[in-house]
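The structure under discussion appears below in the form of structure tokens.
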Amino acid sequence: MYCPRCGSQIPDGAQFCNMCGAPVNSNNAPYYSPRSEDNGSFGWAVLGFFIPIVGLVLYLVWKTEKPKSAKMAGKGALVSVMIYVIFIVIYFIIIFAMIGALSSGANAATTMSLFPF
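Heads up: the sequence shown runs through residues 1 to 117, numbered per full-length UniProt numbering.
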């Protein structure tokens, strides 16, 4: 065993250090910090929604340590990605509909000018 103050070696079970006289705590039981409460805050879902990659990373890191918070962050990221995909699909539907309308309108205008009657 070593002295916590000066670092010199002292015999096991000694109450004081032989070199500096510092008291030695013979109770060397490990101290464990209390586990943080996992309440699954809605804030993690909001963070995952606005920054989906952060929500995904938090989900992967916390899935065993803080399962409720991990689930909320993952849900936020998942909802965000689903909304993004829906908007992309709607966007392409609108674009293709506009292209189709423009191309059919152009064909009708050319047909009318070629055959005026």
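We put the beta carbon where it would ideally sit given N, CA and C, even for glycine.
What is the DSSP secondary structure of residue i, counted as helix, strand or coil?
i: residue 23; result: strand
i: residue 48; result: helix
i: residue 40; result: coil
i: residue 68; result: helix
i: residue 75; result: helix
Does residue i pass the burial test, meaning 16 or more other C-beta atoms within 10 Å, or should it be called exposed?
i: residue 59; result: buried
i: residue 17; result: buried
i: residue 21; result: exposed
i: residue 104; result: exposed
i: residue 6; result: exposed
i: residue 100; result: exposed
i: residue 61; result: exposed
i: residue 93; result: exposed
Near residue i, which residues of its chain fall below 8 Å by C-beta distance, leaving aside the five closest residues on each side in sequence?
i: residue 41; result: 69, 72
i: residue 46; result: 76
i: residue 81; result: 52
Check whether the Cβ atoms of residue i and residue j lie closer than 8 Å to each other.
i: residue 74; j: residue 43; result: no
i: residue 77; j: residue 52; result: yes
Below 6 Å CB to CB, which residues in the same chain sit around residue i once its five sequence neighbours on both sides are set aside?
i: residue 38; result: 66, 68, 69
i: residue 86; result: none
i: residue 19; result: 6, 8
i: residue 48; result: 55, 73, 76, 77
i: residue 88; result: none
DSSP has residue i in a bridge; who is on the other side?
i: residue 16; result: 23
i: residue 2; result: 9
In its own chain, which residues sit with a C-beta less than 7 Å from the C-beta of residue i, not counting the 5 before and 5 after it?
i: residue 63; result: 70
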